[in-house]
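Following: one structure in structure tokens, then a few remarks.
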Amino acid sequence: MDGNGRWAQRRGEGRTSGHRAGSRSVRKIVRLCRRIGVEALTLYAFSFQNWNRPDHEVESLMGLLTEFLIEERQAILDNGIRLEAIGELDQLPSTVRAVLDALRAESAHNDDMVLTLALSYGGQEEIARAAQALAREVAAGNLSAEDIDVDALRARIPSISDVGEPDLIIRTSGEQRLSNFLLFGSAYAELYFSSRLWPDFGADDLFAAIASFQGRERRFGLVLERDAKAASR
Ligand code: IPE
Ligand code: MG
Numbered sequence: 047m048d049g050n051g052r053w054a055q056r057r058g059e060g061r062t063s064g065h066r067a068g069s070r071s072v073r074k075i076v077r078l079c080r081r082i083g084v085e086a087l088t089l090y091a092f093s094f095q096n097w098n099r100p101d102h103e104v105e106s107l108m109g110l111l112t113e114f115l116i117e118e119r120q121a122i123l124d125n126g127i128r129l130e131a132i133g134e135l136d137q138l139p140s141t142v143r144a145v146l147d148a149l150r151a152e153s154a155h156n157d158d159m160v161l162t163l164a165l166s167y168g169g170q171e172e173i174a175r176a177a178q179a180l181a182r183e184v185a186a187g188n189l190s191a192e193d194i195d196v197d198a199l200r201a202r203i204p205s206i207s208d209v210g211e212p213d214l215i216i217r218t219s220g221e222q223r224l225s226n227f228l229l230f231g232s233a234y235a236e237l238y239f240s241s242r243l244w245p246d247f248g249a250d251d252l253f254a255a256i257a258s259f260q261g262r263e264r265r266f267g268l269v270l271e272r273d274a275k276a277a278s279r
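When we follow our numbering, the leftmost residue of the sequence shown carries the number 47, and every step to the right adds one.
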């Protein structure tokens, strides 16, 4: 979800107003995804690197996050949504952590959709943590180094161990990079770059992204049966 700052700048407003508009966009898009049957939605709300933004911006983002969790609590519970969080969550202020953990626990039994907030999240950091976990298991004698394969790693990567690898990754605001998002799980994800700034990203934009996804041929490194047959003729 990128482009909040530029959205505000274009209107001659401060970055906080852009983040507030971005939060409205989040609420709209989550509702829409639930309605059209998206089973897993992971939102890159705050990166591990975002901690290095100016203090007041970090504070306003944490405030908006808390507001989101409090104000959307009932809608999340009523709509069968399980809220999850990934990232270096220990770094979050304890006030945010408290509402976050409470809603995770309260919504744990819901199974219509998993909404994962990536907070203080970095894909490289996540892989490093998985490596640490594996190293500890080897050191404890519970795992042999030879057993460390892609599946072993996958099981220790929280962004995908539960919901699986992403089918589609959407980035807004015209930037064409992943910026440390879901690095391990994005191996075969379809990427979609929208020039729309996140606060302006609406239903039409989401449907355009999904339509693009539906038109793609996913091969996962294989040859489609159709092409294999044609080639052997
Ligand atoms: C994305 O918008 C929101 C977060 C990182 C939380 P930005 O704040 O990155 O907006 P730009 O890139 O400055 O326009
Ligand atoms: Mg940005």
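Positions of the beta carbon are idealized from the N, C-alpha and C atoms, including for glycine.
Predicted model only: the values in this text are computed from it and were never measured.
Opposing strand residues paired with residue i [DSSP bridges]
| i | result |
| --- | --- |
| residue 159 | 127 |
| residue 217 | 239 |
| residue 86 | 160 |
| residue 229 | In DSSP, residue 229 forms no bridge with anything. |
| residue 167 | 93 |
CB contact check: residue i to chain C, cutoff 8 Å
| i | result |
| --- | --- |
| residue 275 | Any reference to chain C falls outside this structure, which holds one protein chain only. |
Rounded straight-line distance, which links the Cα of residue j to that of residue i
| i | j | result |
| --- | --- | --- |
| residue 88 | residue 279 | 44 Å |
| residue 67 | residue 118 | 16 Å |
| residue 167 | residue 252 | 23 Å |
| residue 257 | residue 224 | 21 Å |
| residue 91 | residue 277 | 46 Å |
| residue 271 | residue 50 | 44 Å |
| residue 57 | residue 183 | 53 Å |
| residue 199 | residue 130 | 20 Å |
| residue 247 | residue 241 | 9 Å |
| residue 135 | residue 275 | 50 Å |
| residue 61 | residue 72 | 16 Å |
| residue 221 | residue 215 | 13 Å |
| residue 96 | residue 273 | 45 Å |
| residue 84 | residue 209 | 12 Å |
| residue 254 | residue 265 | 22 Å |
| residue 102 | residue 47 | 20 Å |
| residue 23 | residue 163 | The chain is shown from 47 up to 279; residue 23 falls before or after that span and cannot be answered. |
Assigned secondary structure, residue i (DSSP; H/G/I helix, E/B strand, else coil)
| i | result |
| --- | --- |
| residue 132 | strand |
| residue 205 | helix |
| residue 93 | strand |
| residue 268 | coil |
| residue 106 | helix |
| residue 115 | helix |
| residue 247 | coil |
| residue 222 | coil |
| residue 98 | helix |
| residue 258 | helix |
| residue 188 | coil |
| residue 48 | coil |
Contact set for residue i: own chain, Cβ-Cβ below 6 Å, skip 5 residues either direction
| i | result |
| --- | --- |
| residue 127 | 156, 159 and 161 |
| residue 211 | 231 |
| residue 86 | 160 and 209 |
Cβ-based neighbour list, residue i, same chain, cut-off 8 Å, excluding 5 preceding and 5 following
| i | result |
| --- | --- |
| residue 52 | 64, 219 and 243 |
Close-in-space but distant-in-sequence residues of the same chain around residue i (CB under 7 Å, 5 per side omitted)
| i | result |
| --- | --- |
| residue 107 | 65 and 92 |
| residue 44 | Lying outside 47 to 279, the shown extent of the chain, residue 44 is not represented and no answer is given. |
Closer than 7 Å: residue i CB and nearest the ligand HEM heavy atom
| i | result |
| --- | --- |
| residue 68 | Ligands present in the displayed structure are limited to the ligand IPE and the ligand MG, and the ligand HEM is not among them. |
| query | Counting pairs of Cβ atoms below 8 Å between the stretch 202-212 and the stretch 165-175, do you hit three or more? | reply | yes
| Within the chosen definition, does the stretch 139-149 reach the stretch 181-197 through at least 3 CB pairs nearer than 8 Å? | no
| request: Tell me, please, whether the stretch 103-117 touches the stretch 75-83 by the rule of three or more beta-carbon pairs shorter than 8 Å. | output: no
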